[in-house]
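See below for the structure under consideration.
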Amino acid sequence: MSVFRLCICLFRLCSVCVNVCVYVCVVSVLCLCICLCYVCVYVCSVCVPSVYMSLYVSVLCLSCFILQATSRLLVNYLEPYRSQILDFLFKPNFGASLHILKVEIGGDAQTTDGTEPSHMHYENDENYFRGYEWWLMREAKKRNPNITLIGLPWAFPGWVGHGKNWPYDFPDITAAYVVNWILGAKQYHDLDIQYVGIWNERNYDSKYIKLLRYTLDKNGLETVGIIASDNLWEPIAFSLLLDPELSAAVDVIGAHYPGTTTVLEALETHKRLWSSEDYSTFNDEVGGGCWARILNQNYVNGHMTATISWNLVASYYEELPFGRNGLMTAEEPWSGHYVVEPPIWITAHTTQFSQPGWSYLQTVGHLGQGGSYVALTDGKGNLTVVIETMTHDHSVCIRPPLPPFNVTSQNATFQLKGSFVSSSETNSSEGNDGSFTLNLAEDEVYTLTTITTGQKGSYPEPPASARFPKVYKDDFSVRNPPFTEAPDFADQTGVFEYHINLTDPGPHVFTLRQVVTQRPVTWATDADQTISVIGDYQWQNLTVTCDVFMESVMTGGVFIAARVNKGGQAVRSALGVFFWVFADGTYKVTNDIVGQTVLAEGQSGTHTYGWFTLSLTVKGQFASGLLNGFPLWQNAVVLTPNNGWAAIGTRSFELAQFDNFAVVAE
Numbered sequence: 001m002s003v004f005r006l007c008i009c010l011f012r013l014c015s016v017c018v019n020v021c022v023y024v025c026v027v028s029v030l031c032l033c034i035c036l037c038y039v040c041v042y043v044c045s046v047c048v049p050s051v052y053m054s055l056y057v058s059v060l061c062l063s064c065f066i067l068q069a070t071s072r073l074l075v076n077y078l079e080p081y082r083s084q085i086l087d088f089l090f091k092p093n094f095g096a097s098l099h100i101l102k103v104e105i106g107g108d109a110q111t112t113d114g115t116e117p118s119h120m121h122y123e124n125d126e127n128y129f130r131g132y133e134w135w136l137m138r139e140a141k142k143r144n145p146n147i148t149l150i151g152l153p154w155a156f157p158g159w160v161g162h163g164k165n166w167p168y169d170f171p172d173i174t175a176a177y178v179v180n181w182i183l184g185a186k187q188y189h190d191l192d193i194q195y196v197g198i199w200n201e202r203n204y205d206s207k208y209i210k211l212l213r214y215t216l217d218k219n220g221l222e223t224v225g226i227i228a229s230d231n232l233w234e235p236i237a238f239s240l241l242l243d244p245e246l247s248a249a250v251d252v253i254g255a256h257y258p259g260t261t262t263v264l265e266a267l268e269t270h271k272r273l274w275s276s277e278d279y280s281t282f283n284d285e286v287g288g289g290c291w292a293r294i295l296n297q298n299y300v301n302g303h304m305t306a307t308i309s310w311n312l313v314a315s316y317y318e319e320l321p322f323g324r325n326g327l328m329t330a331e332e333p334w335s336g337h338y339v340v341e342p343p344i345w346i347t348a349h350t351t352q353f354s355q356p357g358w359s360y361l362q363t364v365g366h367l368g369q370g371g372s373y374v375a376l377t378d379g380k381g382n383l384t385v386v387i388e389t390m391t392h393d394h395s396v397c398i399r400p401p402l403p404p405f406n407v408t409s410q411n412a413t414f415q416l417k418g419s420f421v422s423s424s425e426t427n428s429s430e431g432n433d434g435s436f437t438l439n440l441a442e443d444e445v446y447t448l449t450t451i452t453t454g455q456k457g458s459y460p461e462p463p464a465s466a467r468f469p470k471v472y473k474d475d476f477s478v479r480n481p482p483f484t485e486a487p488d489f490a491d492q493t494g495v496f497e498y499h500i501n502l503t504d505p506g507p508h509v510f511t512l513r514q515v516v517t518q519r520p521v522t523w524a525t526d527a528d529q530t531i532s533v534i535g536d537y538q539w540q541n542l543t544v545t546c547d548v549f550m551e552s553v554m555t556g557g558v559f560i561a562a563r564v565n566k567g568g569q570a571v572r573s574a575l576g577v578f579f580w581v582f583a584d585g586t587y588k589v590t591n592d593i594v595g596q597t598v599l600a601e602g603q604s605g606t607h608t609y610g611w612f613t614l615s616l617t618v619k620g621q622f623a624s625g626l627l628n629g630f631p632l633w634q635n636a637v638v639l640t641p642n643n644g645w646a647a648i649g650t651r652s653f654e655l656a657q658f659d660n661f662a663v664v665a666e
């Protein structure tokens, strides 16, 4: 296997050029070695000739975002490990040093790896402390006050669509809902949202976009830009060319997974072009190669001045869709273990040596024997050149398909002109005209720069990896929880929040409550039942126990489950062992979440507004259940699945409470 050789070359600005180069290998991560090469450059003038400036301004050079419940487990890390992870992501000149954080505007619905709560579950309800996106934005801003914040809806609460799976029939309501989120970010968290999107990877509505612009302006948010349409280049680019009012409302065209290319109509709009979602690839060496290639070639081929990675950090159960598709991995809050993966350092090659507001030079392109290079400047005498020679097989992204291409070792000659003259580097051939030649092997990334502040940040090794605890319990007794979700639970349909049950003076004052009562305007195929999973996907033999409380008269129902084998967008087809009790006094045991395969059923005596203790034991091919400590059903035959998560949930979108959750696994 080829090895990435990453070299960050720092051009020091000097009055006299010193012919010296010192290589210091500062870290080895897997097969990656980052070296610092110190080189002096003689600057003969203070201006950059305009001929070398690109027509496309890099207002935002590089970014990454968190969304779709992909940082669900991050908030549960204990210190100092949580802060260390955040430093690797956001701290300037330390790790990824991200320029942008793009977050989901939670809509109470499944958006790939789980649901994120809305700031308005109901029309007359506003709460700007739900979920963890507010916390994440504050932490990012704390580390980098200049980071750009972007919000984008994936789904909307059901009331926004008035019962339809469509947010545009009442565009004034949808616009007000989104603007409220932006206003709440400022009012409650002192966060300035700089851009907002329309509806992730779904149809846009021109009338709505114009009304959103009007509503933003009416609320004093004239500086908040609109990105459209977080899907493909077309038809939004064509619509902008035909509709001057729509064009005036949109600041950025954002396309997803563009394969480094754009279309003529997008260029003709003269809008900023962004790859507003990209990467989404397993974060090993190949994932690092994918990221290196598209970071450069999105501009070289497609004039895109921002590339936004999905996702920020793989901090969700790995068996959910797109496991380890983040820049780094932090999926074990119970152990404190995390891994700084190759894409973090690939990111640093650009983000640590350029800033929003820098400009690309026109002299970007492809190398003769494969690979690419870009050059950026701040217009004040600083220069950064990023070179990549990623081969096909070591840079395949998850999408779109990558056509064959060849990259071979080569000597590449670069010539500095204008402000940038007379570089000197050991192991390179130098000319008297500001030129130098680099020997480039396959699968290498270089950064040559005048910026001297870059570094490879590090912390002591985190704790060793460990599986989820086999004995686990949570009584949800937290009077002032730091987050609205209970640790380690990953909502897959519906929203489960800490709740103070003021009507119960007994042992169930503090509970976990499912709060979504209407099917949202969905992005994925959410289940008709609500469900939150937890634990070790490899669990086979286990006992799950939980106190349950139904609040929907006659129609209500709740369950506990074991061996749940699917989540994310596939949650609707999840299998497992589901032990249900209903408000009409019956029970049922099913092999699937939809209840089609019935393993046992009968009378339970359960009802609303009363607490019941359910216990489910699965061992081998048999399952049994207890109600209030007494056997209700025994030895139901379970052939599949063989393993999976534990879970809780409800029959439909309804209010229900859970308490004293516990698992004992073998």
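Residues in the sequence shown are numbered consecutively from 1, following full-length UniProt numbering.
C-beta atoms are modelled at their ideal positions from N, C-alpha and C, and glycine is treated no differently.
These numbers were taken from a predicted model, which means no experiment stands behind them.
Problem set entry | Same chain only: Cβ atoms within 6 Å of Pro-462, ignoring 5 sequence neighbours per side | One-based indexing of the sequence shown puts residue 462 at position 462. Within its own chain, the residues whose Cβ lies closer than 6 Å to the Cβ of Pro-462, once the five positions on either side in sequence are excluded, are Tyr-81, Gly-336, His-337 and Tyr-338, listed in chain order.
Problem set entry | 8 Å contact criterion, which Trp-166 and Val-521 should meet: CB distance rounded | In the sequence shown, the residue the question calls residue 166 occupies position 166. In the sequence shown, the residue the question calls residue 521 occupies position 521. Yes, they are in contact, since the Cβ atoms of Trp-166 and Val-521 sit about 7 Å apart, within 8 Å.
Exercise. Expressed to the nearest angstrom, what Euclidean distance is found between the alpha-carbon atoms of Trp-274 and Gly-326?
Worked result: Stepping through the sequence shown from its first residue, residue 274 is reached at position 274. Stepping through the sequence shown from its first residue, residue 326 is reached at position 326. So the two alpha carbons sit approximately 19 Å from each other.
For this session: Below 6 Å CB to CB, which residues in the same chain sit around Arg-572 once its five sequence neighbours on both sides are set aside?
Result: Locating residue 572 in the sequence shown gives position 572, counting from the first residue. Cβ neighbours of Arg-572 beyond the five flanking positions: Thr-525 and Ala-527.
Exercise. Exposed or buried, Val-553, counting other C-beta atoms within 10 Å across all chains shown (16 or more means buried)?
Worked result: Reading the sequence shown from its first residue, position 553 is the one you call residue 553. Val-553 is exposed by the Cβ-count criterion.
Problem set entry | Endpoints, the alpha helix (DSSP H) within which Cys-290 is located | Sequence index remark: in the sequence shown, residue 290 carries index 290 (1-based). Annotation: the continuous alpha helix (DSSP H) that includes Cys-290 extends over 285-302.
Problem set entry | Pick from Lys-91, Gly-107 and Leu-74 that is closest to Arg-519, judged by C-alpha positions | Mapped onto the sequence shown, residue 519 falls at position 519. Closest by alpha carbon: Gly-107.
Exercise. So who's on the other strand from Val-663, going by DSSP bridges?
Worked result: Along the sequence shown, one-based indexing puts residue 663 at 663. DSSP lists Tyr-472 and Val-544 as partners of Val-663.
Problem set entry | Where the alpha helix (DSSP H) through Asn-180 begins and ends | In the sequence shown, the residue the question calls residue 180 occupies position 180. Counting along the chain, the unbroken alpha helix (DSSP H) around Asn-180 starts and ends at 171-189.
Exercise. Going by alpha carbons, who is nearest to Val-250 out of Gly-259, Thr-223, Val-263 and Thr-261?
Worked result: Indexing the sequence shown from 1 puts residue 250 at position 250. The candidate whose alpha carbon is nearest that of Val-250 is Thr-223.
Exercise. By DSSP, does Ser-275 sit in helix, in strand, or in coil?
Worked result: Within the sequence shown, numbered from 1, the residue matching residue 275 stands at position 275. Ser-275 sits in a strand when the DSSP states are folded into three classes.
Exercise. Can you round the beta-carbon distance between Arg-138 and Leu-191 to whole angstroms, since I take them to be within the 8 Å contact cut?
Worked result: Counted from its first residue, the sequence shown places residue 138 at position 138. Counted from its first residue, the sequence shown places residue 191 at position 191. Going by Cβ atoms, the distance from Arg-138 to Leu-191 rounds to 7 Å, so yes, they are a contact pair.
Exercise. Based on the DSSP secondary-structure assignment, which residues constitute the bridge partners of Val-577?
Worked result: Along the sequence shown, read from residue 1 onward, the residue named residue 577 stands at position 577. Val-577 is bridged to Ala-562.
For this session: Under the assumption that Arg-130 contacts Thr-484 (Cβ atoms under 8 Å), give the Cβ distance between them as a whole number of angstroms.
Result: On the sequence shown, position 130 is the one that residue 130 refers to. On the sequence shown, position 484 is the one that residue 484 refers to. 5 Å between Cβ atoms; contact.
Problem set entry | With 16 other Cβ atoms within 10 Å as the buried cut-off, status of Leu-512 | Within the sequence shown, numbered from 1, the residue matching residue 512 stands at position 512. Result: buried.
Exercise. So what's Tyr-317 in DSSP terms, helix, strand or just coil?
Worked result: Here the question's residue 317 lines up with position 317 in the sequence shown. Looking at Tyr-317 - three-state DSSP - the assignment turns out to be coil, as it is neither helix nor strand.
For this session: May I have the straight-line CA-CA distance separating Ser-652 from Thr-530, to the nearest angstrom?
Result: What you label residue 652 is simply residue 652 of the sequence shown in a count that begins at 1. What you label residue 530 is simply residue 530 of the sequence shown in a count that begins at 1. C-alpha separation (whole angstroms): 6 Å.
Exercise. Exposed or buried, His-499, counting other C-beta atoms within 10 Å across all chains shown (16 or more means buried)?
Worked result: The sequence position of residue 499 within the sequence shown is 499, counting from 1. Per the 10 Å Cβ criterion, buried.
For this session: With a 10 Å radius around its C-beta and 16 neighbouring C-beta atoms as the bar for buried, classify Tyr-132 as buried or exposed.
Result: Mapped onto the sequence shown, residue 132 falls at position 132. Flag for Tyr-132 reads buried.
Exercise. Roughly how many whole angstroms lie between the Cα atoms of Val-478 and His-508?
Worked result: In the sequence shown, the residue the question calls residue 478 occupies position 478. In the sequence shown, the residue the question calls residue 508 occupies position 508. Distance between the alpha carbons of Val-478 and His-508 is about 12 Å.
Problem set entry | Integer Cβ distance of Thr-389 from Ile-451, believed to fall under 8 Å | Counting from one through the sequence shown, the residue named residue 389 turns up at place 389. Counting from one through the sequence shown, the residue named residue 451 turns up at place 451. For Thr-389 against Ile-451, the beta-carbon gap comes to about 22 Å, at or over 8 Å, which does not count as contact.
Exercise. How is the beta strand (DSSP E) around Ser-372 delimited, first residue to last?
Worked result: Start at 1 with the first residue of the sequence shown, and residue 372 comes out as number 372. Taken as a continuous stretch (DSSP letters only), the beta strand (DSSP E) holding Ser-372 covers 372-377.
For this session: Would you give the residue range spanned by the beta strand (DSSP E) that Tyr-446 belongs to?
Result: Position 446 of the sequence shown, counted from the start, is the residue given in the question as residue 446. For Tyr-446, the enclosing beta strand (DSSP E) starts and ends at 444-449.
Problem set entry | Reduced DSSP secondary structure (H/G/I, E/B, other) of Trp-159 | In the sequence shown, residue 159 corresponds to position 159, counting from 1. DSSP, read as helix, strand or coil, puts Trp-159 in helix.
Exercise. Which of helix, strand or coil does DSSP assign to Thr-426?
Worked result: Locating residue 426 in the sequence shown gives position 426, where the first residue counts as 1. Its pLDDT being 38, under 50, Thr-426 is placed unreliably by the model, and the measurement read from it follows with that caveat. In the displayed model, Thr-426 falls within coil according to three-state DSSP, outside both helix and strand.
Exercise. Can you tell me whether DSSP reads Glu-133 as helix, strand or coil?
Worked result: Residue 133 sits at position 133 when you count from the first residue of the sequence shown. Three-state result, Glu-133: helix.
Exercise. How many Å lie between Tyr-472 and Ile-560 at the Cα?
Worked result: Counted from its first residue, the sequence shown places residue 472 at position 472. Counted from its first residue, the sequence shown places residue 560 at position 560. Going by the C-alpha atoms only, they are around 15 Å apart.
Problem set entry | Own chain, CB closer than 6 Å to Ala-646, minus 5 neighbours either side, in chain order | What you label residue 646 is simply residue 646 of the sequence shown in a count that begins at 1. Within the same chain, Cβ atoms closer than 6 Å to the Cβ of Ala-646 are found at Ile-534, Gly-535, Val-544, Ala-562 and Val-663, the five residues on either side in sequence being excluded.
Exercise. Which ranges would you report for the alpha helix (DSSP H) in the region 64-99 if only whole runs of at least 4 residues count?
Worked result: Unbroken alpha helix (DSSP H) runs of no fewer than 4 residues, entirely contained in the region 64-99, are found at 81-90, following chain order.
For this session: Quick one: give me the first and last residue of the alpha helix (DSSP H) that Ser-490 is part of.
Result: Taking the sequence shown and counting its residues from 1, one reaches residue 490 at position 490. The question names Ser, but residue 490 is Ala in the sequence shown. Run containing Ala-490: none in the alpha helix (DSSP H); it sits in the beta strand (DSSP E), 490-493.
For this session: Name the two residues that bound the continuous beta strand (DSSP E) containing His-508.
Result: As a working note, residue 508 is residue 508 in the sequence shown. Taken as a continuous stretch (DSSP letters only), His-508 belongs to no beta strand (DSSP E), as it is neither H nor E.
Exercise. What does a CB cutoff of less than 7 Å around Glu-318 pick up in its chain, not counting 5 residues either side in sequence?
Worked result: As a first step, residue 318 is located in the sequence shown; it is residue number 318 there, counting from the start. Correct list, in chain order: Arg-324 and Glu-331.
Problem set entry | Neighbourhood of Gly-197 by C-beta distance below 6 Å, restricted to the same chain and skipping five residues each side | Here residue 197 refers to the residue found at position 197 of the sequence shown. Taken in chain order, the residues that qualify are Leu-152, Ile-227 and Asp-230.
Exercise. With respect to 8 Å, is the separation between the Cβ of His-607 and the closest non-hydrogen atom of the ligand NAP below this value?
Worked result: The ligand content of the structure shown is nil, which means the ligand NAP is not present either.
Problem set entry | Thr-597 versus Ala-140: straight-line alpha-carbon distance, rounded | Taking the sequence shown and counting its residues from 1, one reaches residue 597 at position 597. Taking the sequence shown and counting its residues from 1, one reaches residue 140 at position 140. Here the alpha carbons of Ala-140 and Thr-597 stand approximately 47 Å from one another.
For this session: Please name the residue or residues paired with Ser-118 in a DSSP beta bridge.
Result: Numbered from 1 along the sequence shown, position 118 holds the residue referred to as residue 118. The partner list for Ser-118 (beta bridge, DSSP) is empty, contrary to what the question assumes.
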